[in-house]
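Scroll down for the structure; my scribbles are underneath it.
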């Protein structure tokens, strides 16, 4: 047994534990695991004269090996990490190791975060229960949509569409991930116009609907936009957390904590490193750190929609977001991507009703228009919650009836 390989080691309560899938490249499995632990903690490619006994005690330790499944578990002493600094933590456990020649494939499957590290994070200012309280929606999925086409609409066009779909039963609208502040659609005008509609719906229907504008940009610009949304009475902001990065996300969360916006976390770009099951980082790991960082709601997958994602994986992520975590608030899962009314029973059966369900083309593509699309979605959810088959419920609901014929 060496500094980095110790199968007799018993992890302490303060160790951060990583579960990796590894495929060695022309070296033994044990040697590969040992090099992985070294590079991700105190070691390098050769012995150095500056190493001493004190530093050796800081080494990461491979304490479990399953060669059949190609799984190793590595324990990292808490002293290796700066508390509440996700960028530094990820640079260690998911940094240089992915570029090592001695590793053919490597995937960070899971991470067990010690209580002492969890307590260094504040988590969400607004969590799952807060979202339901703000919107006054209980025991029913929150019906969301993404304005479509995803690019090209003007603020004035979006305003008209927002009123139509809110009036028809949509609870929650959001910008798409690549809509920022372009010539054809400036951020400030869009926010002012749509939040005026949000206020109008509250006056007319007594409903607190939500608009989530995409503030994604440089960190200082995102803060300006978040403050602008708050000034206009907005209750939610959206951030593309992968393309912005952990440091930008943590910056915005901390700077807006007193404002308490709902922070809608879009995961655009995640599949670059989450999709290949032999290499990269799992979405579960991303979800764990996103919750600690302080997001309120997170895209996690649909299982039945257009986006890739195994049932077991999506369910595990959603269960984690809704579980207790040392006082860190729960996060609302978001199902989004290729959804339409006919898929509603499967979505709720698999993922439950404690989530936001976002419909894009499955609302805007309804033959009778977006209002009918919104009504069909609500009808599908009502039927599912009541335990009534969609076809039966649709007999006297023309919007749902047409939707079921449109999307098979």
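Numbering (my numbering), first residue to last: 235 to 642.
For every residue, glycine included, the Cβ atom is placed at its ideal position computed from N, Cα and C.
Rounded C-alpha distance that separates residue i from residue j
i: residue 527; j: residue 628; result: 43 Å
i: residue 322; j: residue 572; result: 35 Å
i: residue 605; j: residue 303; result: 51 Å
i: residue 388; j: residue 419; result: 5 Å
i: residue 535; j: residue 401; result: 27 Å
i: residue 457; j: residue 486; result: 6 Å
i: residue 260; j: residue 300; result: 18 Å
i: residue 638; j: residue 441; result: 28 Å
i: residue 275; j: residue 295; result: 9 Å
i: residue 519; j: residue 245; result: 20 Å
i: residue 506; j: residue 517; result: 11 Å
i: residue 451; j: residue 614; result: 37 Å
i: residue 570; j: residue 293; result: 41 Å
i: residue 632; j: residue 393; result: 26 Å
i: residue 510; j: residue 434; result: 46 Å
i: residue 602; j: residue 609; result: 11 Å
i: residue 382; j: residue 325; result: 37 Å
i: residue 566; j: residue 278; result: 41 Å
i: residue 284; j: residue 359; result: 44 Å
i: residue 395; j: residue 432; result: 12 Å
i: residue 268; j: residue 555; result: 32 Å
i: residue 540; j: residue 289; result: 49 Å
i: residue 286; j: residue 280; result: 14 Å
i: residue 417; j: residue 449; result: 16 Å
i: residue 291; j: residue 305; result: 24 Å
i: residue 548; j: residue 630; result: 34 Å
i: residue 249; j: residue 242; result: 15 Å
Beta-carbon proximity list for residue i, same chain, < 7 Å, skipping 5 on both sides
i: residue 318; result: 354, 355
i: residue 415; result: 421
i: residue 335; result: 259
i: residue 429; result: 445, 466, 467, 468
i: residue 343; result: 253, 254, 255, 516
i: residue 579; result: 618, 624
i: residue 266; result: 256, 258, 336, 337
i: residue 357; result: 525, 526, 528, 562, 563
Member of the options whose CA lies at the smallest distance from the CA of residue i
i: residue 503; options: 368, 320, 515; result: 515
i: residue 327; options: 602, 292, 273; result: 273
i: residue 659; options: 251, 626, 525; result: For residue 659 there is no data in the structure shown, the boundaries of the chain being 235 and 642.
i: residue 236; options: 271, 492, 478; result: 271
i: residue 238; options: 283, 258, 284, 307; result: 307
i: residue 599; options: 508, 368, 636, 557; result: 636
i: residue 584; options: 603, 543, 240; result: 543
i: residue 338; options: 512, 292, 620, 431; result: 512
i: residue 493; options: 642, 290, 471; result: 471
i: residue 621; options: 363, 582, 602, 362; result: 582
i: residue 352; options: 559, 592, 626; result: 559
i: residue 362; options: 603, 552, 617, 624; result: 552
i: residue 437; options: 476, 397, 411; result: 397
i: residue 370; options: 481, 439, 474, 310; result: 439
i: residue 348; options: 314, 264, 423, 545; result: 314
i: residue 462; options: 607, 424, 386, 547; result: 424
i: residue 247; options: 310, 262, 305; result: 310
i: residue 594; options: 522, 399, 545, 488; result: 399
i: residue 365; options: 521, 589, 574; result: 589
i: residue 178; options: 329, 320, 330, 443; result: Summary: the structure shown does not reach residue 178, with the chain confined to residues 235 through 642, and so no result is reported for it.
i: residue 574; options: 454, 481, 538; result: 538
i: residue 522; options: 264, 320, 242, 243; result: 320
Proximity test, Cβ basis, 8 Å: residue i and chain C
i: residue 344; result: Looking for chain C here will not work: only one protein chain is present.
Spatial neighbours of residue i in its chain, beta-carbon cut-off 6 Å, leaving aside the 5 residues before and after
i: residue 484; result: 527
i: residue 576; result: 638, 641
i: residue 587; result: 375
i: residue 489; result: 457
i: residue 453; result: 482, 485
Residue j beta carbon less than 8 Å from that of residue i
i: residue 312; j: residue 282; result: no
i: residue 346; j: residue 251; result: yes
i: residue 597; j: residue 407; result: no
i: residue 495; j: residue 469; result: yes
i: residue 500; j: residue 530; result: no
i: residue 240; j: residue 332; result: no
i: residue 384; j: residue 340; result: no
i: residue 390; j: residue 427; result: yes
i: residue 479; j: residue 612; result: no
i: residue 376; j: residue 405; result: yes
i: residue 532; j: residue 568; result: yes
i: residue 474; j: residue 550; result: no
Close-in-space but distant-in-sequence residues of the same chain around residue i (CB under 8 Å, 5 per side omitted)
i: residue 557; result: 564
Contact test: residue i Cβ vs the ligand HEM heavy atom, cutoff 7 Å
i: residue 591; result: Looking at this structure, you won't find the ligand HEM or any other ligand, since it has none at all.
Taking only runs that begin and end inside the region 441–518, name each unbroken alpha helix (DSSP H) of 4 or more residues, in chain order. 453–465, 475–478, 480–489, 505–508
Hey, which unbroken runs of the alpha helix (DSSP H) at 4 residues or more fall wholly within the region 531–609? Counting only runs of 4 or more, we get 545–555, 578–585, 595–598.
Counting only runs that start and end within the region 291–362, where is the beta strand (DSSP E) found for 3 or more residues in a row? 295–300, 305–310, 337–346
Would you mind listing the alpha helix (DSSP H) stretches within the region 236–295 that are 4+ residues and don't spill past its ends, in chain order? 263–273, 287–290
In chain order, which beta strand (DSSP E) runs of at least 3 residues are fully inside the region 380–408? Within the region 380–408, the runs of beta strand (DSSP E) that reach at least 3 residues and sit entirely inside it are, in chain order, 406–408.
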